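Trainee: This is the structure I want to talk about, given as structure tokens.
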Amino acid sequence: MSNEVVLKDENIDYNLQAFVELTLFNCELKGIYSSKETTTETQKSILVMPTSPKSNEFSIEDFLIEANNLIKSFSGVNIDVVAVTAKLKEFGLDLKNIKIEIKQLFLYMDKTTKIPKSEADDSTKKLEYAFNLVITNNVETPADLQIFRITRFGIAIYKTNRKFVIDKMELEDIDSLI
């Protein structure tokens, strides 16, 4: 007697989904991997996107403290973050005042392949992404250093037209500014 299971319906869909919810630099994210297979096609998708409508900023000092904790947990080496920040304060740089915010981190990949594959493969592939990082310097500039200062800096890289992704990035529109 065999323990082999025989499926009588060959059109049954096979599905797999895995997900993770995590926080990266105070940005709450969800990642999903999905694989679906039928007798006529396979589809594999990956989605990473924020779950919170508002992103949260973090200071460079907080980042150094967290990085130090991570390094210390793996190697036992401890970086004196207090001494580093005190030394930087001597040069007029207070890391508590420099904030970083991930406004958007979005990735969507989808690949669908027809079965059986032929030489003229009619697979469809889709890739969309968006990343937006803003650095804010909340430092009051001394009167004798008013010639130059940067208060905010941001960079956005994206390939998507999804409104909810673009809106969260709070992009500037050059045409509306001039």
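Numbering (the numbering used here), first residue to last: 9 to 186.
Glycine included, every Cβ here is placed at the ideal spot set by N, Cα and C.
Since the structure is predicted, the reported quantities are computational estimates derived from the model, not experimental observations.
Measuring CB atoms only, is the region 33-43 touching the region 100-114, in the sense that at least three cross pairs come out at less than 8 Å?
Mentor: Short answer: they touch.
Trainee: Helix, strand or coil, according to DSSP, for serine 42 in the structure here?
Mentor: In the sequence shown, residue 42 corresponds to position 34, counting from 1. Of the three classes helix, strand and coil, the one that applies to serine 42 here is strand, per DSSP.
Trainee: Give a yes or no on whether the C-beta atoms belonging to isoleucine 40 and leucine 55 are separated by under 7 Å.
Mentor: Residue numbering aside, residue 40 sits at position 32 when the sequence shown is read from its first letter. Residue numbering aside, residue 55 sits at position 47 when the sequence shown is read from its first letter. Yes. Within cutoff.
Trainee: Assign asparagine 64 to one of two classes, buried (16 or more other C-beta atoms within 10 Å of its C-beta) or exposed (fewer than that).
Mentor: For the purposes of this step, residue 64 is taken as residue 56 along the sequence shown, with counting starting at 1. With fewer than 16 Cβ atoms within 10 Å of its Cβ, asparagine 64 is classed as exposed.
Trainee: Contact defined as beta carbons within less than 8 Å: I believe methionine 57 pairs with phenylalanine 114. What is the distance between those atoms, to the nearest angstrom?
Mentor: Here residue 57 is taken as the residue at index 49 of the sequence shown, counted from 1. Here residue 114 is taken as the residue at index 106 of the sequence shown, counted from 1. With 8 Å as the limit, methionine 57 and phenylalanine 114 qualify as a contact, their Cβ atoms being about 5 Å apart.
Trainee: My output table needs one value for isoleucine 143: the three-state DSSP class, helix, strand or coil.
Mentor: The count along the sequence shown starts at 1 and reaches residue 143 at position 135. Three-state DSSP puts isoleucine 143 in a strand.
Trainee: If we cut at 7 Å on Cβ distances, does leucine 30 have a partner in chain E?
Mentor: Judged by its chain identifiers, the structure shown contains no chain E, having just a single protein chain.
Trainee: Using the Cβ count rule (16 or more neighbours within 10 Å means buried), how would you classify phenylalanine 69?
Mentor: For the purposes of this step, residue 69 is taken as the residue at position 61 of the sequence shown. It should be noted that the sequence gives glutamate, not phenylalanine, for residue 69. The residue is buried, with at least 16 neighbouring Cβ atoms inside 10 Å.
Trainee: Residues bridged to arginine 160 by DSSP?
Mentor: Here residue 160 corresponds to residue number 152 of the sequence shown, with the count starting at 1. Looking at the DSSP assignment, arginine 160 forms a beta bridge with Thr144.
Trainee: Quick one: using the 10 Å Cβ neighbour count with 16 as the cut-off for buried, is lysine 97 buried or exposed?
Mentor: Along the sequence shown, one-based indexing puts residue 97 at 89. Classification of lysine 97: exposed, given that the 10 Å Cβ count is below 16.
Trainee: Could you round the C-beta distance between lysine 1 and aspartate 118 to whole angstroms and report it? I think they count as a contact, below 8 Å.
Mentor: The requested residue 1 does not occur in the structure, where the chain is confined to residues 9 to 186.
Trainee: Considering only the alpha carbon of each residue, which of Asn145, Lys171 and Phe172 lies closest to phenylalanine 161?
Mentor: Locating residue 161 in the sequence shown gives position 153, counting from the first residue. The candidate whose alpha carbon is nearest that of phenylalanine 161 is Asn145.
Trainee: Please report how far the alpha carbon of glutamate 45 lies from the alpha carbon of lysine 125, in whole angstroms.
Mentor: Numbered from 1 along the sequence shown, position 37 holds the residue referred to as residue 45. Numbered from 1 along the sequence shown, position 117 holds the residue referred to as residue 125. Answer to the nearest angstrom: the Cα atoms are 13 Å apart.
Trainee: In whole angstroms, what is the alpha-carbon distance linking asparagine 140 and isoleucine 163?
Mentor: The residue labelled residue 140 in the question sits at position 132 within the sequence shown. The residue labelled residue 163 in the question sits at position 155 within the sequence shown. If you take the alpha carbons of asparagine 140 and isoleucine 163, they lie about 6 Å apart.
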